[in-house]
Structure formats: C-alpha cells, structure tokens
Amino acid sequence: MEVLILQVFVSLLLVAGSVLLFVFTCRQRDFDHADRLALLPIADDENEVTKP
C-alpha cells in the first residue's frame, strides 16, 4: 500500500511539473518562432512562383 501512495505522489509531481513547463514555454512564446521558421521555406517558394 505504501508503494501505491508513493507512486501516486510521484505521478502527481510529474504532471504538475509538465503543466508548469508548458505554461512557461507558452508565456515565452517559443512555439511562435518555430512555426515561423517552419513556414519560411514555403513563403519563399510562393514568392518565386508568382514573380515571373
């Protein structure tokens, strides 16, 4: 029974840590920069196609 209580406690700590890290990264807006970098090559290809 003691192992089950310890496992639940550790699991709750891991979940709380994950939520805190997710909130921290959302406030830092790290995901916005990654989205712009991922779409950058697509934007260059579209500009080259429409110019001629």
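Position 14 (the sequence shown) corresponds to 357 in my numbering; numbering is contiguous.
Where a beta carbon is used, it is the ideal one built from N, C-alpha and C, also for glycine.
Kindly indicate the opening and closing residues of the alpha helix (DSSP H) around residue 370. For residue 370, the uninterrupted alpha helix (DSSP H) segment begins and ends at 345 to 371.
Between the alpha carbons of residue 367 and residue 349, how many angstroms are there, rounded? 27 Å
Look at the alpha carbon of residue 347 and the alpha carbon of residue 357, and state the distance between them as a whole number of angstroms. Whole-angstrom Cα-Cα distance: 15 Å.
Please work out which residues of its chain come closer than 7 Å, Cβ to Cβ, to residue 394, disregarding the five sequence neighbours upstream and downstream, and give them in chain order. Here the model assigns residue 394 a pLDDT of 49, short of 50, so the residue's position is not dependable and the matter cannot be decided.
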